[in-house]
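Protein chains in written order, with our numbering: chain A, 1 to 412; chain B, 413 to 824; chain C, 825 to 1192; chain D, 1193 to 1560.
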Amino acid sequence: MTTESVEEFRHRARAWLAEAMPRLSGAMPDRLDDNRRQVERVLQRTLWEGGFAGIGFPAEYGGGGLAPEYQRAFSEESLPYDMPVSLNVPTLGILAATLVDFGTHEQKARHLPAILRGEELWVQFLSEPSGGSDLAGCLTRADRDGDLFIMNGSKIWSSAAFVSDYALCLARTNWDVPKHRGLTMFIVKIHQPGIQVEQIRQVDGSMEFCQEFFDDVPIPVADVLGEVDDGWTVATRLLVHERNAVGGGSPYTSGRSGGHESSGQDDSLAQMVRQQGRAGDTHLRQLVAEAHVRGLVGGALIQRVTSGVSRGQMLPSAGSLLKLFSATNVMRRYEIGLELAGEGAAAWPASSAGVAQRLSEATLWRQGLSLGGGSNEIQRNIISERLLGMPREFAADRDVPYRDVRRGGARG
Amino acid sequence: MTTESVEEFRHRARAWLAEAMPRLSGAMPDRLDDNRRQVERVLQRTLWEGGFAGIGFPAEYGGGGLAPEYQRAFSEESLPYDMPVSLNVPTLGILAATLVDFGTHEQKARHLPAILRGEELWVQFLSEPSGGSDLAGCLTRADRDGDLFIMNGSKIWSSAAFVSDYALCLARTNWDVPKHRGLTMFIVKIHQPGIQVEQIRQVDGSMEFCQEFFDDVPIPVADVLGEVDDGWTVATRLLVHERNAVGGGSPYTSGRSGGHESSGQDDSLAQMVRQQGRAGDTHLRQLVAEAHVRGLVGGALIQRVTSGVSRGQMLPSAGSLLKLFSATNVMRRYEIGLELAGEGAAAWPASSAGVAQRLSEATLWRQGLSLGGGSNEIQRNIISERLLGMPREFAADRDVPYRDVRRGGARG
Amino acid sequence: MEFVPNDEQIFFQETTRKFLSVHCPIPVVRALESAPAGYDPQYWRQGADLGWTSLLVPAEAGGGSLSEGGLMDLVLVAEEMGRMVSPGPLAPVNVVASAVAAGGSAAQQAAVLPGLLSGETVAAWCGEHPVEGVIDGENLLLSGLASPVEAGAQAQHLLVAVRTEGGLRQVLVPGDASGVTVTPLGGLDLVRRFAEVRFDQVVTTPAERIGADEDAAEAIEHQLQIACVVQCAETVGAMSRAFEMTLEYLGDRYSFGRPLASYQALKHRMADNKMWLEASHAVMTAAAGAVASGSPAAGEMVSAAKTWIGPHATELIQDCVQLHGGIGVTWEHDLHLYLRRTTVNRVTHGTPEYHAERIATQLLGAVS
Amino acid sequence: MEFVPNDEQIFFQETTRKFLSVHCPIPVVRALESAPAGYDPQYWRQGADLGWTSLLVPAEAGGGSLSEGGLMDLVLVAEEMGRMVSPGPLAPVNVVASAVAAGGSAAQQAAVLPGLLSGETVAAWCGEHPVEGVIDGENLLLSGLASPVEAGAQAQHLLVAVRTEGGLRQVLVPGDASGVTVTPLGGLDLVRRFAEVRFDQVVTTPAERIGADEDAAEAIEHQLQIACVVQCAETVGAMSRAFEMTLEYLGDRYSFGRPLASYQALKHRMADNKMWLEASHAVMTAAAGAVASGSPAAGEMVSAAKTWIGPHATELIQDCVQLHGGIGVTWEHDLHLYLRRTTVNRVTHGTPEYHAERIATQLLGAVS
């Protein structure tokens, strides 16, 4: 443990940031392209060299080994600077966090320092085209063949797999047991023969998500994360990390958090109203205030839940509260945005095409955060069943060998 | 069938109303007391004498035998007059309607004319203290004894049973079959030895609802409505009539309908804003307009559903759409009312105690319509299962002899 | 009274539905994304042949309808076009054709109606955003900007509302009149095109005036009501289709060994969606009936429909997206076409807030 | 930083909880419905003995708290009182005691504090509705109406905000001062009493002034913040308890052979309710922390809490009523006590709309 106090650490970080990191100039690019990703890898490398990469990760694997307060202090100090924020989710907050929990010494030594240096971007391969929210209803298979598993199947909704390096991939290794008990989590190198990555075009024109196709992909047994046939344990923990990271409550992310960013602390709504010359309209004022208040409440909720979980007074699944809160905040914020934009959301002159179009198309993507990383429905199940102890939903596939489970209709 | 056109009928009704019925003066009393009920019985008698009672009921039993357009025309013409509107629900729209569907000739001849003369007020005995929404989970029992059934048990949430005359009462007559198949519907005279009626005090201080206790109440076999052990069929139809009547879509009710009354067509919100001198506040204007629009939409929905059902293009269970709509409208209207009332909802000077207190206490009763007559949850089940054909909820008591069904906890 | 289509109208509606499913199924709509007009002129002529553009024009002026006044027939077309997110300037052409038939001179009718009715030409309606008019002898000089104007860049005719010292006026000018600059706009809908129409000292003659001066304000209000009704009907059609797709999907798709449709939380949301859908249909029909019958409540009912339908449509379709899961936010899935169309319909011809304010004005007086 | 109660605070909280459950369980609260003060003076003195009225007063002035400044301790009391819909003038007594301790003269402190701290006397805060003040030589003449004022009719001391030509001022006057007329109001809560306090040329001397003139505006704002924090904490306590009652009920109650808690539609609503509850708790604590630490964001956080908590509290409890079914709207069931309390808290000390407007002023400037 360090002997440096949080305040001492904060002062050291402040000085270092001013010296080493570029200041944020103007708005963040709202879409990640390859170029931006390259910039962020370099920024991450800069953090590494300054000793500020992975502040909450174990020191043994290149991290800072420090408590969450230190990371929070650093994040607060870093706000004026250009940070590699896209590494937070999913690489650091979800995948690296899961590696910390389940990796062998060799796995951690091989990957964590490389991640913290910005050399490896990670992604999760969990969802499947037929599976929806039922992640354990996994049809991708990995069949044992000596020291290898041979993987076949398909995964979908992975973020930016086309520019990432490694994935954690859940595959079925045993079909004769009920569904949760026949899964294994693998560390998979993405760019290799047998894996084809296709980008999916989203409603807003972005191409961030991917579908992957596996055709006899060989995976060394050494790349099993956790135990064979116990992949659901790993996946469950991964999902907890995901909810925390997406909800803004991860101890492993650095810089602005997802929860805050998406919950309305920017000034864009107020700005729109001012530009329209309608700042005196009491109805619009209520809406602008509502969005702002939701941001403040979301921030307070992150504090409450992360503190509660870290002190063991809340279950880790309380992260679902954060995920659900920020997803519903986003829905409401876009609705408010649409109400404020008015006719401008329908059509726009070429002169303002960029801004207006993005604003308008963003509303098409309103449900994005309510679907990705576990839908709102799944979060509500988790909250009611795990936090509140209400009875589990009836599952027709419980305690049935997975090969006998009904998998539904045409879209399957 | 009449040869009189709707318009001719309307003119005749208009002339008669002007002559025979008192004009509405001031606001309707917002709570029914015994005195008001007596007034309404007399008003109903006046309608009967003028030939305008029960316009949609069979002529054979004292009604007008006319199509819904005639009743609608009469209702429109009657708006400026003091009408016996409390007879609409439940007596005419629910209980008399069910009698029309299932009564024997003798039953109808005995009760329908008396109802249309204002001599019999009716009520339903369906809910039970332990039962909640599960009306078929009835524990009140009626055991056959020669030409009698002997009834024991308790019912609750009946409207104004203490001032009513007859009830339709559902009781279990067979415990060895699954729950829906062992029920019988009885015509029960309320004020008789063995029946004790207790009024329930509501949150807003009103005492409209009752609980009844049955202690060896003898019921002649001749008072079975429908078939023995087939009471659920009768109850189901009764519930359809109830949803229609409460939602404002009954062909048997006369005068202002529940749906309209509760959906915001009065001017009280606008008036409140004017009195506060805040009529220029755009936020409040949006709220007042929203309430008004909801009223208009509700009216249009009643037209659409009643027309669709009467033409056979919608299932009768579409009445659930009306019930749910008006219940959710009431919720929103009270919420808007609270927002407009502001600080005045917390405390009031003696000088305005009546109005302010009623307004404020009304919000405590906001969920009333969302619970009575089948809760919103039940309506949503009906809409999704019967109108949309989605799968039925799992019921642990299906196909199980009722004596073996688990009936739950402490509150039971 | 609830509007009930008669057999003839049902046949007409089915004809339109079949035509759209054969000639303009959704892949065709998608393929029109970068077509300048957003529709194929041949398709529009065929639609005109089916009667799409004739319904508000009396038979003696070359039009024809199944119902009195034709608005209820037009509603059926609009619903079908909404169900298929179809392209084509249905609202502006009908609004302008109706206005010319009602208030145009014989010469104007002869010059404009045949083309609109046959689908050879189209018209745009600039009635929502009046420009400034200065009286110059007999003529009226127009200046200002009308935007966004549906089909502005495709229109041979522009029906323009003009604010003059003496009150509102209306003129019908050629799309290529001198001083008129039409600039296409980008937009959210894949095939519905808007433009901004700029008037720079555009000289209009008395022969270009439409209707009596003193009737202009009322005529423009009536045009707005028709435009809103057509738009609301289209939105309701889009809502219906999105709802049906979702209901079907929930039945097909299994999760945890059960169809999604068996989950009560989803069932209850579908129940609410069904209620919003039926309520939207109801208030749209009521508004259409009020406009068709010339009811004094027409303006109120139209604003009620616009206030109610816009937000409920987008909310319903967003929930359909949510119920579809990830596939619902992909380009490949059709739901976003419905979301685009209903979002555009929500915010044009007056936002819900604008129409709520019209209602408030009636209840509370104008804001001082 | 999230506020985490230490062991001492937890003990304090548990003591308060036990005291309330023994001395003021809900049947006792109900029995106080027609008591003029809404509470038993003996109960209030016992609460004062536990420390309820001392927390914002420094030890040297006779008070004492577990945490710096005591506001976080007071929040714990308020939450407990919310859980039991307890009676007693917690907010006004603490606001006034704090103000007197901070700005009162030695004479004022000696005259007022001992009684408030022991629970022998109570005070009312008229800071939200400033009356008019006219300077008359050394004196200030007060005229106007402050309403509604919590515990106005029970208070021996009134802390009054006064609008003068020179700006806001504060005076502390006896409840029975000449020219002061206190009229009890009817109200929604069974035991929380409000009054209107009318000032008719009430003469106040310089010795009755509180604090330096130039600090008055800021002091009043600080008092409002404390009042809002106490109120929000009480509301959060009430929400928590209503939520727990409902969760338990859903587990106990069977319908169709299954516990209500097994129905997904109800589970999902409880999940949302849990989220609103935790969010309310979070923003209340954040606001309390900001006020306690003198953060410049205190006003903003307090208004955020007031904007958020009020409507979510009533909505959550209304949903608890719905989930209980018919029993939830009976007088016999306790839920309505919670609904009454949270409704009153929602609309007093500024409605949610009022506080949203404060936030809007910060973001968009004042309405011109």
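From the three backbone atoms N, C-alpha and C, an ideal C-beta is built for every residue, glycine too.
Helix, strand or coil at residue i [DSSP, three-state]
| i | result |
| --- | --- |
| A/Leu-145 | Note on residue identity: the sequence assigns Asp, not Leu, to residue 145 of chain A. Three-state result, A/Asp-145: strand. |
| C/Thr-1175 | coil |
| B/Tyr-746 | helix |
| C/Ala-861 | coil |
| A/Gly-258 | With a pLDDT of only 48 at A/Gly-258, under 50, the local geometry of the prediction cannot be trusted, and the value read off the model is given with reservation. The answer is helix: DSSP assigns A/Gly-258 an H, G or I state. |
| A/Ala-167 | strand |
| A/Leu-17 | helix |
| B/Ala-807 | coil |
| D/Gly-1295 | helix |
| C/Pro-954 | strand |
| B/Arg-778 | coil |
| B/Asp-635 | helix |
| D/Asn-1465 | helix |
| D/Ile-1519 | helix |
| D/Cys-1512 | helix |
| C/Asn-772 | Because chain C is modelled from 825 through 1192, residue 772 of chain C falls outside the range shown and cannot be assessed. |
Beta-carbon proximity check, residue i vs residue j, cutoff 8 Å
| i | j | result |
| --- | --- | --- |
| D/Ala-1229 | D/Arg-1385 | yes |
| D/Ala-1283 | D/Glu-1342 | yes |
| B/Phe-626 | B/Gly-543 | no |
| A/Asp-165 | A/Leu-121 | yes |
| C/Lys-1051 | C/Trp-1132 | In the sequence under discussion, the amino acid at residue 1051 of chain C is Ala, which differs from the Lys named in the question. Cβ distance not < 8 Å, so C/Ala-1051 and C/Trp-1132 don't count as in contact. |
| B/Leu-650 | B/Ile-506 | yes |
| A/Pro-22 | A/Asp-82 | yes |
| D/Ala-1480 | D/Val-1421 | yes |
| A/Gln-209 | A/Trp-157 | The sequence shown places Phe at residue 209 of chain A, rather than the Gln named in the question. Their beta carbons are under 8 Å apart, which means A/Phe-209 touches A/Trp-157 by this criterion. |
| D/Ser-1472 | D/Met-1431 | yes |
| B/Phe-469 | B/Gly-463 | no |
| C/Leu-965 | C/Ile-1034 | no |
| C/Thr-1154 | A/Ile-150 | no |
Span of the beta strand (DSSP E) around residue i
| i | result |
| --- | --- |
| A/Phe-186 | 183-189 |
| A/Trp-122 | 122-125 |
Unbroken alpha helix (DSSP H) run spanning residue i, endpoints
| i | result |
| --- | --- |
| C/Glu-1072 | 1040-1076 |
| A/Asn-35 | 34-50 |
(message) Closer than 7 Å between beta carbons: that is the criterion. Which residues of the region 1156-1186 of chain C meet it against chain B?
(response) Glu-1177, Ala-1180, Glu-1181, Ile-1183 and Ala-1184
(message) By the 7 Å beta-carbon criterion, what residues does the region 270-304 of chain A contribute toward chain B?
(response) Asp-281, Thr-282, His-283 and Gln-286
(request) List in chain order: all unbroken beta strand (DSSP E) runs of 3+ residues lying wholly within the region 703-751 of chain B. (result) none
(request) Can you give me, in chain order, the residues of the region 1441-1464 of chain D that have a beta carbon less than 9 Å from any beta carbon in chain C? (result) Tyr-1455, Gln-1456, Ala-1457, Leu-1458, Lys-1459, His-1460 and Arg-1461
(request) Write down every uninterrupted run of the alpha helix (DSSP H) in the region 504-532 of chain B whose length is 4 residues or greater and which is fully enclosed by it, in chain order. (result) 509-514 and 517-528
(message) Any C-beta of chain B within less than 7 Å: which residues of the region 388-401 of chain A qualify?
(response) Phe-394
(request) Check distances from the C-beta atoms of the region 362-383 of chain A to those of chain C and list, in chain order, the residues that come in under 9 Å. (result) Thr-363, Leu-364, Trp-365, Arg-366, Gln-367, Gly-368, Ser-370, Leu-371, Gly-372, Ser-375, Asn-376, Glu-377, Arg-380 and Asn-381
(message) Can you pull out the residues from the region 320-334 of chain A whose beta carbon lies closer than 7 Å to at least one beta carbon of chain D?
(response) Leu-321, Leu-324 and Phe-325
(message) Can you pull out the residues from the region 1008-1032 of chain C whose beta carbon lies closer than 7 Å to at least one beta carbon of chain A?
(response) Leu-1009, Gly-1010, Gly-1011, Leu-1012, Phe-1018 and Glu-1020
(message) Along the region 1483-1507 of chain D, where does the CB come closer than 7 Å to a CB of chain A? Name the residues.
(response) Met-1493, Ala-1496, Thr-1499 and Trp-1500
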